[in-house]
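Colleague: Chains as they are written, first to last, in this note's numbering: chain A, 1 to 110; chain B, 111 to 220. Idealized CB from N, CA, C, for every residue including glycine. Attaching a single structure in structure tokens format; questions to follow.
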DNA sequence: TATCTTTATGTCCAATATGACATAAAGTGA
DNA sequence: TCACTTTATGTCATATTGGACATAAAGATA
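And the structure:
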């Protein structure tokens, strides 16, 4: 978000910030959420890259379409464990997963 | 393990391999376990680096000493979620966590 | 050795996550 | 528009995880 847009919104009474501010998360829980978001995005990206539907991925994982949808939405009911397993099942390497997580850190600086 | 030792063991009927072979894990589940082991090691390392006991860390996390012990042992009853939260609570950055995971990949090549 | 501290292991049950299912919503092409 | 595919959302029962507690085992210090 650029500076003028932010300023305009704030003038009009909008609280402009990230999920952490909105939800009043302490910083480390906020970071945890960001990690989950990053992994969720990774799952979606890899799945689409492979031209798979959520249903197809669900079948490969022995899960269900609805759970995949929740996973890609980083729903609070899905664990990082499931995301990790999914990423590995899709063929992501630990290095790729690491990259997803590493980006969380720098995102704040951007 | 060096080559001659391996050869000697195998001559004597020992199956020489890693945890994956021993437990008959498929490769991606094996990798998942390795990720957990790496994170577990990270927790222990950071905790000791800070001169904390498991009990002290447990208190900081609102958990219990036994759970910390299990976490550091990468017990199957502890999730990656708990490890991640713990690492972040100890002050690990996403970048550091990423590094732990990234190392899993290259370990195989070593 | 004995005592104290720390860590490991096993079990309980309340809290949470899971796959499954139904169904709504959104997207796609005729 | 309609039909079809894909994704999103809500709920449920079963399974798994969590903190807690007891206690064993291992370390440290005298």
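1. Does DSSP put residue 114 (chain B) in a helix, a strand or coil?
2. For the alpha helix (DSSP H) that contains residue 194 (chain B), what are its first and last residues?
3. Residue 149 (chain B): which of B:205, B:193, B:204 and B:212 sits nearest, CA to CA?
4. Closer than 8 Å between beta carbons: that is the criterion. Which residues of the segment 145-171 of chain B meet it against chain A?
5. Quick one: does residue 215 (chain B) have its CB under 8 Å from some CB of chain A?
6. By how many angstroms is the C-alpha of residue 107 (chain A) removed from the C-alpha of residue 208 (chain B)?
7. For chain A, check one thing: does any of its Cβ atoms lie closer than 8 Å to the Cβ of residue 211 (chain B)?
8. Under 8 Å between C-beta atoms, does residue 186 (chain B) make it to chain A?
9. Relative to the alpha-carbon of residue 198 (chain B), which residue among B:141, B:170 and B:136 has its alpha-carbon at the smallest distance?
10. Under 8 Å between C-beta atoms, does residue 181 (chain B) make it to chain A?
11. Can you round the beta-carbon distance between residue 34 (chain A) and residue 104 (chain A) to whole angstroms, since I take them to be within the 8 Å contact cut?
12. Below 6 Å CB to CB, which residues in the same chain sit around residue 90 (chain A) once its five sequence neighbours on both sides are set aside?
13. CB residue 202 (chain B) to CB residue 152 (chain B), shorter than 8 Å?
14. If you drop the 5 nearest sequence neighbours on each side, which residues of the same chain put their C-beta closer than 6 Å to that of residue 168 (chain B)?
15. So residue 207 (chain B) contacts chain A; which residues on that side make the cut at Cβ distance below 7 Å?
16. Output, in chain order, the set of chain B residues within a Cβ distance shorter than 8 Å of residue 85 (chain A).
17. What number of angstroms, rounded off, separates the C-alpha of residue 226 (chain B) from the C-alpha of residue 136 (chain B)?
Modeller: Short version:
1. In the second chain, residue 114 (chain B) corresponds to position 4, counting from 1. With a pLDDT of only 49 at residue 114 (chain B), under 50, the local geometry of the prediction cannot be trusted, and the value read off the model is given with reservation. The DSSP-derived three-state label of residue 114 (chain B) is helix.
2. By one-based count along the second chain, residue 194 (chain B) stands at place 84. Counting along the chain, the alpha helix (DSSP H) containing residue 194 (chain B) begins and ends at 190-200.
3. As a first step, residue 149 (chain B) is located in the second chain; it is residue number 39 there, counting from the start. Measuring from the Cα of residue 149 (chain B), the nearest candidate turns out to be B:193.
4. Result list: 145.
5. Within the second chain, numbered from 1, the residue matching residue 215 (chain B) stands at position 105. Yes - at least one Cβ of chain A is within 8 Å of the one on residue 215 (chain B).
6. Position 98 of the second chain, counting from 1, holds the residue named residue 208 (chain B). Position 107 of the first chain, counting from 1, holds the residue named residue 107 (chain A). Taking the straight line joining both Cα atoms gives about 14 Å.
7. One-based indexing of the second chain puts residue 211 (chain B) at position 101. Taking Cβ atoms only, chain A reaches closer than 8 Å to residue 211 (chain B), which makes this a yes.
8. For the purposes of this step, residue 186 (chain B) is taken as the residue at position 76 of the second chain. No, no contact with chain A.
9. Position 88 of the second chain, counted from the start, is the residue given in the question as residue 198 (chain B). When the alpha-carbon of residue 198 (chain B) is set against those of B:141, B:170 and B:136, the nearest one is in B:170.
10. On the second chain, residue 181 (chain B) is found 71 positions in, with the first residue counted as 1. Using beta-carbon distances, residue 181 (chain B) does not count as an interface residue toward chain A, since no partner is under 8 Å.
11. As a position in the first chain, residue 34 (chain A) is number 34, starting the count at 1. As a position in the first chain, residue 104 (chain A) is number 104, starting the count at 1. Cβ atoms of residue 34 (chain A) and residue 104 (chain A) come within 8 Å of each other, at about 5 Å.
12. As a first step, residue 90 (chain A) is located in the first chain; it is residue number 90 there, counting from the start. Same-chain partners within the cutoff: 46.
13. As a position in the second chain, residue 202 (chain B) is number 92, starting the count at 1. As a position in the second chain, residue 152 (chain B) is number 42, starting the count at 1. The answer is yes: Cβ separation under 8 Å.
14. The residue given as residue 168 (chain B) occupies position 58 in the second chain. Excluding residues within five positions, the ones whose Cβ falls inside 6 Å are 174, 175 and 178.
15. Position 97 of the second chain, counted from the start, is the residue given in the question as residue 207 (chain B). Neighbours of residue 207 (chain B) on chain A, chain order: 101.
16. As a first step, residue 85 (chain A) is located in the first chain; it is residue number 85 there, counting from the start. The contacting residues are 138, 139 and 142.
17. Any answer about residue 226 (chain B) is impossible in this case: the structure gives chain B only from 111 up to 220.
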